[in-house]
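Novice: Pasting a structure here, questions to come.
Protein chains: 2
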Amino acid sequence: MRKNKRPRRSEPEQAAGNGVLDRRLFLTGSAVAIASAALPDKARAAEPLPVQPWMKTPGAPFTPYGQPSKYANKVARVVSSIPGTTGTGTSRTPHHLLDGMITPNGLHFERHHNGVPDINPEAHRLLIHGLVNRPLVFTLEALMRYPMESRIAFIECAGNSALLYQKEPAQLGVQPIHGLLSCAEWTGVRLATLLEEAGVDPRAQWILAEGADSAGMSRSVPLAKAMGDALIAIYQNGEPVRPSNGYPMRLLLPGYEGNMNVKWLRRIKLTEAPTMTKDETSKYTILQNDGKSLQFCFTQEAKSVITRPSPGLTMGAPGLYEITGLAWSGYGKIAKVEVSADGGASWALAALQEPVLPMAVTRFRSPWRWDGGPATLQSRATDDSGYVQPSRAKLIADRGARGNYHFNGIASWGVAQGGEVKHVYA
Amino acid sequence: MRKNKRPRRSEPEQAAGNGVLDRRLFLTGSAVAIASAALPDKARAAEPLPVQPWMKTPGAPFTPYGQPSKYANKVARVVSSIPGTTGTGTSRTPHHLLDGMITPNGLHFERHHNGVPDINPEAHRLLIHGLVNRPLVFTLEALMRYPMESRIAFIECAGNSALLYQKEPAQLGVQPIHGLLSCAEWTGVRLATLLEEAGVDPRAQWILAEGADSAGMSRSVPLAKAMGDALIAIYQNGEPVRPSNGYPMRLLLPGYEGNMNVKWLRRIKLTEAPTMTKDETSKYTILQNDGKSLQFCFTQEAKSVITRPSPGLTMGAPGLYEITGLAWSGYGKIAKVEVSADGGASWALAALQEPVLPMAVTRFRSPWRWDGGPATLQSRATDDSGYVQPSRAKLIADRGARGNYHFNGIASWGVAQGGEVKHVYA
């Protein structure tokens, strides 16, 4: 009966069909009351709270390096490796259980080609050679004397979301489908600083970057990128880069496909032309319908994905929900994200969480009044170059469905009558 | 001899005495060459790099939740607890070994009054009561339906840097002296949302916030702050808040002294006046020379500290170094940081790492050409309210030396002839 005692409030207007509300609901205090009015009633609070056992005895001692709660043990990466190996495959970030823009280091996705090398940093070296005036070798200690720079940047595997090339929607959730994406604050030395010191021969147009893993992961990178915003990253979210992310140093190429951000970096060779390594010929090319492949597709184009609601998270009672997710572009900042609850028939602007940074993920949020009936949830990102995330149909019409890499089309979650959420094509 | 082959470059001008160079050295590619020219020569690279053992065998398998390298095991918190206890005391962030603005969750500082409770989130409740129209009880699950908000915010213990009240400079480094400060991205529900739903009685001017630890940590907070930017934080750097930081939920009061950001939050009571809890009367007040105490000093004022060079990190050969550190203010954004190498006789502007966010730490960097002789390094923060971090002498002249809390004076690292770095007063 408490509901009747509340002052009547005007109903928030729909910003798009099937219950998507104006994003400014989240930006004004008063509107929040509208939101909460639509949430299920809370328990009455006539009784004092019970005194729990953990309030009656001293708690656990301090630890030098902290860990998550044992009750949060589902907040973990899912691992899949190629049969017969333990270290060739992927682990994926559980975005349906996370919020914010930072991926904590323990949950950053991994893509390894032959496991995680156990590198002694004192023995590790970084060689810069090829078309340079002075080949140079750096220890980690030497690198740490150089001026540093930090940037919050996403890394996305070129193979992320590849399941959407399939004819039928894979009956999986956001983690296995879209979990090869993470975002961290990386700190390190600009590669340009080291290349200037080595002295770049005018004939050099490319670099080869090689990892110290036993797969010898190697990619060619245009010199312009190397002289631009490329970093030799030494720190990840403040602490030394994790072994699974390249300890003691990795290449960071903001916006470029994941594998080019070579982990365990040991060698940069300046060259006239791309080296045509195994990793850029037998893999990481986009096969088209005519049997030809697109090579050297470096930049991850604008994309977004709704992380909640998403498959595996069942809806509760009808009422107000927050639709939230991540948007990113390798070409710059996210300019806007639109959300639809009717499969793209109508769209409303989502609220973007500040700070909105170039080549970083942007968290978006949109209020949604679910009426308990069917809905198809979609998000569509636009970056500050004006590029708009395409529909799945358009992407496949343009490129074919054999590409395997760089899928950035719009993804759809279907909400059924009753609240089950499934991956659908729409 | 390689040096002679280099084109002659103009010497960078000093921006302040004793070798502090212009911050723009770090912002321009060409200047970087000047920097590197001042660094020790690199090893010649005539030989190919050795092939290390980790390149010859498959690496380690994937893991659901990652950990740091065993070689980085010194990157850990230092723990001190009151004799006879294991959970009453502090652990401190190793800022001398970190870089960037984010503190990873495993290294966020801790201050507990009776250990870390092992809270089952399904049994945990948040009660909102007192001067409200409708007392409410929230489960974690209910809270997670609400609109969320993220912000990157520092938390600093009111007792951080208290050693600088001592007559003689403690012979310790940045971690034990200044390590009760960390910065993370926090995501949660605005407290205002919940208070609006409960309906605030016009007589209410304060809230009491109580934790579910066995110390019953409790603080009074002005209602204006609670209705402002206060969050019920559920996520820390993307993942569920760590037990040592309040799992399953904590209060976040951006800019306010650490203990008010009550961990393991179980109860918010709206009151007419402050509750005068043990934690705001017997502790967390600033004792002055006349024997009276300042109470309810909530906001952490503008402050900065140089994290490198710092005691424990011995300088190498003379030449170019980066002076780097952190600056923050509970009143807003950092407007500028100045650096001195001559004990405050002259100052130069440091470069500020973007993004510069309110109530978050800002990383600053300044190039410094160390001539091998004695130097006294200092940093001085100014926030966007115009407030300037005071000298230690001025702070103590104004407030006395018995305060124990809120020390935000300028700290000094002395570099001796030969490169040893020590804590000094200057």
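Read top to bottom, the protein sequences are chains E and C.
Residues in the first sequence are numbered consecutively from 1, following the numbering used here.
Residues in the second sequence are numbered consecutively from 1001, following the numbering used here.
Cβ coordinates follow ideal geometry from the N, Cα and C atoms, glycine included.
(1) Under 6 Å Cβ to Cβ from Gln1353/C, same chain only, skipping five residues before and after it: list those, please.
(2) State the DSSP-derived secondary structure class of Val1174/C, mapped to helix, strand or coil.
(3) Just curious, the beta strand (DSSP E) that Leu251/E is in, first and last residue?
(4) Please list the segments of the beta strand (DSSP E) lying wholly inside the stretch 265 to 292 of chain E, counting only runs of 3 or more residues, in order along the chain.
(5) Can you pull the DSSP bridge partners for Gly1211/C?
(6) Taking 8 Å as the CB-CB limit, is Gly343/E close to chain C?
(7) Measure the C-alpha to C-alpha separation of Ile234/E and Tyr247/E and round it to an integer number of angstroms.
(8) Roughly how many whole angstroms lie between the Cα atoms of Trp328/E and Ile152/E?
(9) What is the DSSP secondary structure of Lys1056/C, counted as helix, strand or coil?
(10) Spatial neighbours of Pro1358/C within its chain, please: C-beta separation below 6 Å, excluding the five flanking residues on both sides.
(11) Would you call the CB atoms of Arg380/E and Val424/E closer than 8 Å?
(12) Can you tell me whether Leu180/E is helix, strand or coil according to DSSP?
(13) State the Cα-Cα distance for the pair Tyr1256/C and Pro1240/C, rounded to the nearest angstrom.
(14) Please specify which runs of the alpha helix (DSSP H), each continuous and at least 4 residues long, are wholly inside the stretch 1346 to 1412 of chain C, giving them in chain order.
(15) Would you please state the rounded distance, in angstroms, between the beta carbons of Thr307/E and Val174/E? I believe it to be under 8 Å.
(16) Between the Cα of Pro1243/C and those of Asp1099/C, Glu1110/C, Asn1404/C, spot the shortest distance and give me the residue it belongs to.
(17) Suppose you measure from the CA of Asp1383/C to the CA of Ala1302/C; what does that come to, to the nearest Å?
(18) Could you tell me whether the Cβ atoms of Ala1226/C and Leu1265/C are closer together than 8 Å?
(19) Using the Cβ count rule (16 or more neighbours within 10 Å means buried), how would you classify Trp1368/C?
(20) Check whether the stretch 211 to 221 of chain E touches the stretch 286 to 293 of chain E, counting contact only when three or more Cβ pairs, one atom from each stretch, lie closer than 8 Å.
(21) Flag this pair as yes or no: are the beta carbons of Thr1314/C and Val1388/C separated by less than 8 Å?
(22) Is the shortest distance between the beta-carbon of Thr1086/C and the beta-carbons of chain E less than 8 Å?
(23) Do you know how far the Cα of Leu1270/C is from the Cα of Gly1258/C?
(24) Just list the residues that DSSP pairs Ser329/E with in beta bridges.
(25) From Glu1168/C, Met1148/C, His1095/C, pick the residue whose C-alpha is nearest to that of Val1361/C; which is it?
(26) Check the Cβ-Cβ distances between Pro1254/C and every residue of chain E, and say whether any is below 8 Å.
(27) Using three-state DSSP, classify Tyr1235/C as helix, strand or coil.
(28) Can you pull the chain C residues whose beta carbon is under 8 Å from the beta carbon of Gln353/E, in chain order?
(29) Per DSSP, what kind of secondary structure is Thr86/E in: helix, strand or coil?
(30) So if I threshold CB-CB distances at 7 Å, which residues from the stretch 121 to 133 of chain E count as touching chain C?
(31) Should Met249/E and Arg219/E be called a contact, given that it needs their Cβ atoms to be closer than 8 Å?
(32) Drop a sphere of 10 angstroms on the beta-carbon of Glu1280/C, count the other beta-carbons inside from all chains shown, and report buried for 16 or more, exposed for fewer.
(33) Only counting the same chain, and skipping five residues up and downstream in sequence, which positions put a Cβ closer than 8 Å to that of Val1078/C?
(34) Determine the contact status of Val1221/C and Val1020/C, defining contact as a CB-CB distance below 8 Å.
(35) Where does Gly1029/C fall in DSSP's three states?
(36) What does a CB cutoff of less than 8 Å around Glu477/E pick up in its chain, not counting 5 residues either side in sequence?
Specialist: Here's the rundown:
(1) The answer, listed in chain order, is Arg1363.
(2) The answer is helix: DSSP assigns Val1174/C an H, G or I state.
(3) Looking at the DSSP string, the run of the beta strand (DSSP E) that includes Leu251/E is 250 to 252.
(4) Counting only runs of 3 or more, we get 265 to 271.
(5) According to DSSP, which records beta bridges pairwise, Gly1211/C is partnered with Leu1265/C.
(6) So no, Gly343/E is outside the interface.
(7) The straight-line gap separating the alpha-carbon atoms of Ile234/E and Tyr247/E is approximately 7 Å.
(8) Rounded to the nearest whole angstrom, the CA to CA distance from Trp328/E to Ile152/E is 12 Å.
(9) If DSSP states are grouped into helix, strand and coil, Lys1056/C belongs with coil.
(10) Take Pro1358/C, set aside five residues on each side of it, and the residues of its chain with a beta-carbon closer than 6 Å to its own are Gly1332, Lys1333, in chain order.
(11) With respect to Val424/E, Arg380/E sits apart: the two C-beta atoms are not nearer than 8 Å.
(12) The three-state reading of DSSP puts Leu180/E in coil, since its state is none of H, G, I, E or B.
(13) Straight-line Cα distance between these residues: approximately 22 Å.
(14) The qualifying runs are 1392 to 1399.
(15) The beta carbons of Thr307/E and Val174/E sit about 5 Å from each other, so the pair counts as a contact at 8 Å.
(16) Sorting Asp1099/C, Glu1110/C, Asn1404/C by C-alpha distance to the C-alpha of Pro1243/C places Glu1110/C at the top.
(17) Cα-Cα distance, rounded: 6 Å.
(18) 8 Å or more divides the Cβ of Ala1226/C from the Cβ of Leu1265/C.
(19) Counting Cβ neighbours within 10 Å, Trp1368/C comes out buried, since at least 16 surround it.
(20) For the pair of segments examined, the stretch 211 to 221 of chain E was found not to touch the stretch 286 to 293 of chain E: the number of CB pairs separated by less than 8 Å stays below three.
(21) When the beta-carbon positions are compared, Thr1314/C and Val1388/C stay at least 8 Å from each other.
(22) At a cut-off of 8 Å between beta carbons, Thr1086/C contacts chain E.
(23) Near 21 Å, if we compare the C-alpha coordinates of Leu1270/C and Gly1258/C.
(24) DSSP lists no beta-bridge partner residue for Ser329/E.
(25) Comparing Cα positions, the closest option is His1095/C.
(26) Not closer than 8 Å to any Cβ of chain E, the Cβ of Pro1254/C fails to qualify, so no.
(27) Tyr1235/C: strand per DSSP, three-state reduction.
(28) Here the neighbours are Glu1149, Ser1150.
(29) It is coil, neither helix nor strand.
(30) Going along the stretch 121 to 133 of chain E in chain order, one finds Pro121, Ala123, Arg125, Leu127, His129 with a Cβ nearer than 7 Å to chain C.
(31) No.
(32) Burial state of Glu1280/C is buried, judged by a 10 Å Cβ sphere holding 16 or more other Cβ atoms.
(33) Counting only Cβ-Cβ distances below 8 Å, and skipping sequence neighbours, we find Ser1091, Arg1092, Pro1094, Gln1175, Pro1176, Gly1179.
(34) For Val1221/C and Val1020/C, no; Cβs fall outside 8 Å.
(35) Below a pLDDT of 50, predicted positions are generally treated as unreliable, and Gly1029/C, at 49, falls in that range; the measurement from the model is reported next regardless. Assigned with DSSP and collapsed to three states, Gly1029/C falls in helix.
(36) Lying outside 1 to 426, the shown extent of chain E, residue 477/E is not represented and no answer is given.
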